[in-house]
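In the working numbering, the protein residues as written are 423 to 498.
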């Protein structure tokens with residue numbers, strides 16, 4: 423199962439970006455960013471904005487999860 427908040431937090435750390443930087447880019451408070459990190463799911467419009475800010479397709483983990491599930495369902 424994809425936990426998008428953890429993936430966003432990991433990507434932010436991988437890019438060595440601060441929470442304050444991320445909050446400024448999203449036009450929100452730092453407390454909202456920490457709330458995003460805790461989310462298992464997220465609104466698609468927000469995920470699009472986050473993907474643009476981080477220059478990473480954060481929809482891809484969902485595509486991979488869907489493909490994995492489809493492959494499992496076709497096993498004998």
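We treat Cβ as the ideally placed atom computed from N, Cα and C, and that holds for glycine.
At the C-beta level, residue 476 and residue 426 stay beyond 8 Å of one another. Here residue 488 is exposed: its Cβ has fewer than 16 other Cβ atoms, across all protein chains shown, within 10 Å. Spatial neighbours of residue 430 in its own chain (CB-CB distance under 7 Å, excluding positions within 5 residues in sequence) are listed in chain order as 458, 459, 472, 480.
Scanning 428, 478, 439, 423 for the CA closest to the CA of residue 461 turns up 428. Around the beta carbon of residue 494, fewer than 16 other beta carbons lie within 10 angstroms, which makes this residue exposed.
Secondary structure note for residue 440: it is in no alpha helix (DSSP H), with a DSSP letter that is neither H nor E.
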